[in-house]
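Trainee:
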Amino acid sequence: MLSKVFSSATFGIDAYLVEVETNSERGIPGFIIVGLPDSAIKESRERVIAAIK
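According to this note's numbering, the sequence shown holds residues 2 to 54 in order.
Pasting the structure below:
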């Protein structure tokens, strides 16, 4: 199942549109974050794992 959700993110006083796509399948659970590599992205991966649990 594929779904697409639009959200937003702020950086300083600027707001950016964020497009989130998800796919749910049988198999080994996991997720991939695609985009600009940044230390904040690495930290958000930990928060997503905690939120899913």
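Quick reminder that beta carbons are idealized off the backbone N, C-alpha and C, glycines included.
#1: Under 8 Å, with one C-beta from each stretch per pair, do the region 4–11 and the region 19–37 reach the 3-pair mark?
#2: Would you list the residues sitting across from GLU22 in a DSSP beta bridge?
#3: Can you give me the Cβ contacts of TYR17 inside the same chain, cut-off strictly under 7 Å, excluding the 5 residues immediately before and after it?
#4: Given this structure, state the Cα-to-Cα distance separating SER40 from ARG46, to the nearest angstrom.
Mentor: Judging by the given coordinates:
#1: Yes, the region 4–11 touches the region 19–37.
#2: DSSP output for GLU22 lists LYS5 as bridge partner(s).
#3: Around TYR17: SER9, ALA10.
#4: In a straight line, the C-alpha of SER40 is about 10 Å away from that of ARG46.
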